[in-house]
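Notes follow once the structure below has been shown.
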Amino acid sequence: MTKTSAPGSPTAPHPYVGMWVTADGRIRHNLLPNGRYDEARGAKESAYQGRYVVTGDHIDYVDDTGFTADGDFIDGVLHHAGMILYRRT
Numbered sequence: 001m002t003k004t005s006a007p008g009s010p011t012a013p014h015p016y017v018g019m020w021v022t023a024d025g026r027i028r029h030n031l032l033p034n035g036r037y038d039e040a041r042g043a044k045e046s047a048y049q050g051r052y053v054v055t056g057d058h059i060d061y062v063d064d065t066g067f068t069a070d071g072d073f074i075d076g077v078l079h080h081a082g083m084i085l086y087r088r089t
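Each residue of the sequence shown is one higher than the one before, starting from 1 at the first, in full-length UniProt numbering.
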């Protein structure tokens with residue numbers, strides 16, 4: 001995962017770390033600061049889990065079964081697999 005830090009300071013989490021959800025709330029991606037993600041689908045929490053790497057505004061996912069996917073952050077919105085996810089604050 002891409003991280004930012006000032007010299008001599010602890011590494012700060014990437015600004016994209018946090019919860020991202022579809023407008024209807026059905027799909028929820030929790031991007032954790034340790035480079036892992038936890039995806040919930042509907043009532044099923046932790047439907048998919050795995051690693052992610054952010055390079056610039058691009059995200060690559062690899063779930064724990066080896067399945068890969070990707071997406072792009074455009075104007076503060078995550079575009080992933082035909083879905084649009086918004087940051088939950």
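All C-beta atoms in this analysis are idealised placements derived from N, C-alpha and C, irrespective of residue type, glycine included.
With 16 or more other Cβ atoms inside 10 Å of its own Cβ, ILE59 counts as buried.
Residue nearest to GLY82 within the set ARG88, ASP72, ARG36 and TYR48 is ASP72 (criterion: CA-CA distance).
Its Cα nearest to that of LEU31, the residue VAL53 stands out among VAL53, ASP64 and THR68.
Residue state for ARG26 is assigned as coil, using DSSP reduced to three classes. As DSSP reads the structure, THR68 sits in a beta bridge with VAL62. Excluding residues up to 5 positions away in sequence, GLY50, ARG51, TYR52 and THR68 lie with their Cβ nearer than 8 Å to the Cβ of VAL62 in the same chain.
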